[in-house]
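Contents: one structure, followed by commentary.
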Ligand SMILES: [Fe+2]
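In this note's numbering, the protein residues as written are 1421 to 1801.
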């Protein structure tokens, strides 16, 4: 039996932003717009968004205090303002942090409690209020995922709520909104998406639907990201990478991420790298660990053949290509430059074991010996 989930309606393509007003009017009379500080002005879309909403009789309140890796307190602050301003639904315009914050506000505004109370998704008694997600990066796939990532910065912890209920109602995906994305963000966000697709493809929960989306996205990212980095104003390439990122979101909603993402959540509060760079640096070595355990060999050979149209006998050829791709972008594939103490590994292992769903999908056994080895390999070799 295979199950396929994508509860989010998707409007995709150049100029899809133009549908915002009409679509928003179907969700209520007052929107709570979530974004980074002064972001709509900086993107040059403030007047356009305001005019579209006004034309469709939708009032709005702007909450533009979102910072990367949103803290739980920020979502609670958003929830209070949402209620005080009597809003009906949320519009999130920004990267993954903004969309996740939008998910948090939409959920908290109709459920009693703080984000931390909903790690067990059965506690989300009421369906969150409608959320329109408009990504301005191409990577997290948050516009279609069932994941809400938030940080508890005081305690250096990163958490994920996993529930179909938090999927946005609508994703408006306009590649023009990524045209001004700096090169480093273009690269790190796309690499995050690459890791989503590879992990989803290799997970035991994968199915033919997930495989088709994963293969297509991995091929696009590996063969076209470097071209885009050299030609950042190429709208066609922006569109292709953005589409891959959205597909990557559908992949992980259906097949989950794997051990890389779970380990990354433990490491990230202790280093100064973006999420995409952390998971990207880890990718080649974790793949090599898989094949050394006799896992996923055929799948990696198949991925290579799909991407390059050539037959190979060893999955190492695929891993070498991935490694070269990662080194070309990040110049390193370990964390020696982050000075992460080996004393933290026991704490990291505990964090990995808090992810109860991982053993069900992981191609390798999630036991202390494997995870300890993996942390040592990815951090220090
Ligand atoms: Fe990710």
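Every residue, glycine too, gets a C-beta built ideally from N, C-alpha and C.
The alpha-carbon separation between residue 1592 and residue 1466 amounts to approximately 16 Å.
Taking the Cβ of residue 1560 as the reference point, at least one heavy atom of ligand 1 falls within a distance shorter than 8 Å.
Annotation: the segment 1729-1790 contains the following complete segments of the alpha helix (DSSP H) (minimum length 4 residues), in chain order: 1735-1750, 1765-1773 and 1778-1781. Distance from the Cα of residue 1783 is smallest, within the candidate group 1675, 1503 and 1609, for 1675. Assigned with DSSP and collapsed to three states, residue 1715 falls in coil, not helix or strand. Assignment of alpha helix (DSSP H) within the segment 1609-1664, counting only whole runs of 4 or more residues, yields 1628-1650 in chain order. Three or more Cβ pairs closer than 8 Å define a contact, and the segment 1428-1446 meets that threshold against the segment 1458-1477.
Counting C-beta pairs with one atom in each stretch, the segment 1488-1500 and the segment 1527-1536 have three or more that are closer than 8 Å, which means they touch.
Where residue 1580 is concerned, the enclosing beta strand (DSSP E) starts and stops at 1577-1582. Residue 1757 has its CB no nearer than 8 Å to any heavy atom of ligand 1.
About 6 Å separates the CB atoms of residue 1562 and residue 1520; that is less than 8 Å, so the two are in contact. In this structure residue 1649 is in contact with residue 1603, their Cβ atoms being roughly 5 Å apart against a cut-off of 8 Å. Distance from the CA of residue 1430 to the CA of residue 1529, rounded to the nearest whole angstrom, comes to 24 Å. In the structure shown, residue 1541 falls within a helical segment according to DSSP collapsed to helix, strand and coil. It is roughly 22 Å from the alpha-carbon of residue 1636 to the alpha-carbon of residue 1567.
Counting the other CB atoms within 10 Å of its CB gives residue 1744 a total below 16, which places it among the exposed residues. No heavy atom of ligand 1 is found nearer than 8 Å to the CB of residue 1533. Selection 1798, 1509, 1434 and 1725 evaluated against residue 1756 yields 1798 as nearest (Cα-Cα).
Counting C-beta pairs with one atom in each stretch, the segment 1477-1489 and the segment 1448-1457 have three or more that are closer than 8 Å, which means they touch.
Per DSSP, the continuous beta strand (DSSP E) segment holding residue 1554 begins and ends at 1551-1555.
As summarised for the segment 1468-1553, the continuous beta strand (DSSP E) elements at least 3 residues long and confined to that stretch are 1479-1486 and 1509-1514, given in chain order.
At a threshold of 8 Å, residue 1586 does not count as near ligand 1, since its beta carbon sits no closer than that to any of the ligand's heavy atoms.
Counting along the chain, no beta strand (DSSP E) covers residue 1680; the unbroken alpha helix (DSSP H) around it starts and ends at 1679-1687.
By alpha-carbon distance to residue 1694, the top candidate from 1652, 1662, 1444 and 1517 is 1517. Bridge pairing for residue 1454: 1483 and 1512 [DSSP]. Apart from sequence neighbours up to five positions away, the residues of its chain that approach residue 1655 with a beta-carbon distance below 8 Å are 1434, 1595, 1596 and 1599, ordered along the chain. Residue 1715 is classed as buried because its beta carbon has at least 16 other beta carbons within 10 Å across all chains shown. The continuous alpha helix (DSSP H) containing residue 1444 extends over residues 1440-1444. Nearest to residue 1512 by alpha-carbon distance, out of 1531, 1477, 1540 and 1589, is 1589. Taking C-beta atoms under 8 Å as the contact rule, residue 1698 and residue 1684 qualify, at a distance of about 5 Å.
Counting C-beta pairs with one atom in each stretch, the segment 1610-1630 and the segment 1709-1723 have three or more that are closer than 8 Å, which means they touch. Residue environment for residue 1425: exposed (fewer than 16 other C-beta atoms within 10 angstroms of its C-beta). In the structure shown, residue 1429 adopts extended strand secondary structure according to DSSP, grouped into three states. Residue 1666 has its CB no nearer than 8 Å to any heavy atom of ligand 1. At the C-beta level, residue 1547 and residue 1585 come within 9 Å of one another.
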